[in-house]
Each structure stands twice: as structure tokens, then as C-alpha cells.
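If you're matching positions, the sequence shown starts at 114 in the numbering used here and goes up one per residue.
The block underneath contains the structure these notes are about, expressed in C-alpha cells.
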Amino acid sequence: MPTEIERKFLIRSNDWEPHVMRTLHILDYLVARFDTGKARIRICGEEAILTFKGQKTGVRRGEYHLPLEKEQARVMIDEFVVSDAVEKNRHEVEVAGVVWQVDEYLGALSGFVTADVELPHEDHRLVLPAWAGPEITNDARFGSSALTAALDRGEEAVEALFEAAMLGAKESSRKAASICDQREPRTSDHTKTSFALREDVNARTDLIINDD
């Protein structure tokens, strides 16, 4: 069975931008949700794909892709899709030989940014770039279906999404600062510098996750 092994993260800074290899414009349409997964149509340039995704178990889930003619996809969207598309620019960035996909969301979700990476196997030792924030792989609040639902519910739901992302990023920064404090005396210059840098990163995160 075709399997997707993927991890997903919030973004801590814009430091990925100089390393973008390619950018794709994507429109994702949720066709259906069911107990065992979901169906989605994705339009990327002149390509259209119908994807079935199973339930996630850890970082793994079944995934099937069926290519469609673009006109055929448009007909299916008109007939079966009731929600607006989740629109985003996907930037490909290589880190330690692995391609990360940084998704910059557009429209009502403008400012929300996530990064995901597909792995060859579950035990793959992933090198995390400095710009990667807290992991949200199994956090349903930031899944594509949740983004579609937020768009359907309107401005308050979108704002709640941003607030959840900001809180997650701040908590991640606090934990990192706490670890730093435990390793170095609080009075040392090194500790002060590290903490200041983390606070600065957190300030930039607020802008990004003002900002999957």
C-alpha cells in the first residue's frame, strides 16, 4: 500500500527564504471526509490530482494519487466541493539532503506558515533546521481539514487558528530558554545572549504566525 511518512512543523523565522529551490502555487479542495480518511483535489499549475488519505498512525498513513485532467477536476470541484480552496505557495528547501516543503498560506490564511517533510522511513534521523518551530504532526488543529473548516466558519475561527499557532511557538521558545537556563548559570553572559536570541526569535515568530 502506498504510504506517506511525514512530519509537520510551525515556523520559527524567515531564515529558510534564501534557500528556496522552487515555488509552486497550490489550490487544495476538500471533496469529502469520512471515518477512515479524506479525499482531496489539488490543482498545481496545469496538473490536477485526486488524493485519498487514510487515518494517520503516528507519522504514517496510506495515500493514493489519481491524476485528473484539469477540466475534469474543475467539473468535480463544481459538483462535489462546498468549501473554498485552501490556497498556498509551496517553497521547496533542501536541508541536509532532505527536501522540506514550506507552505505559505494565502487569502484569509495569509501570514500562516508551516513546513513539512516526507521521510523514507519512520526511524529516519531528521536534521531540524534552526528555522523549524514546534512539531505539529499530530495536532489536528493545523491539519488541512482544520484549515478548510476555519475558512468555512469565518474570521473568528481563523483568528483562533493564529492564536493557537502563536501560543505553540511561544511555549516552544520558553522550553528552549528553560533548557538553556538549566545548562548555564543564569548570570553568565552566554546564557543572557542565548536567552536574548530566543526572545528575538519569538518576536519574529509572532510576525510570521500572524502567519500549512
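Even for Gly, the Cβ is constructed at its ideal location relative to N, Cα and C.
May I ask which residues mark the beginning and end of the beta strand (DSSP E) holding Lys-121?
116-124
**Report entry** Pairwise C-alpha distance: Asn-127 and Leu-232
**Finding:** 23 Å
Task: Range covered by the alpha helix (DSSP H) that runs through Ala-263 - done: 257-266
Continuous alpha helix (DSSP H) stretch holding Asp-191: start and end: In the DSSP assignment, Asp-191 falls within the unbroken alpha helix (DSSP H) covering 183-193.
*Do you know whose CA, among Glu-268, Ile-162, Ala-228, lies nearest Ile-249's CA?*
Selected option, being the one with the closest Cα: Ala-228.
Could you tell me which residues DSSP pairs with Gly-210 in its beta bridges?
Bridge partners of Gly-210: none, in fact.
**Report entry** Limits of the beta strand (DSSP E) - the one that Ile-156 falls within
**Finding:** 150-157
Q.
At the level of alpha carbons, what is the spacing between Leu-123 and Glu-130?
A. 15 Å
Quick one: grab the DSSP three-state call for Ala-161. strand
Pick helix, strand or coil for Glu-272, following the three-state DSSP scheme.
helix
- prompt: Any idea what DSSP makes of Asn-127, helix, strand or coil?
  reply: coil
Counting only the same chain and skipping the five closest in sequence on each side, list residues whose C-beta sits under 7 Å from that of Glu-159. Lys-183
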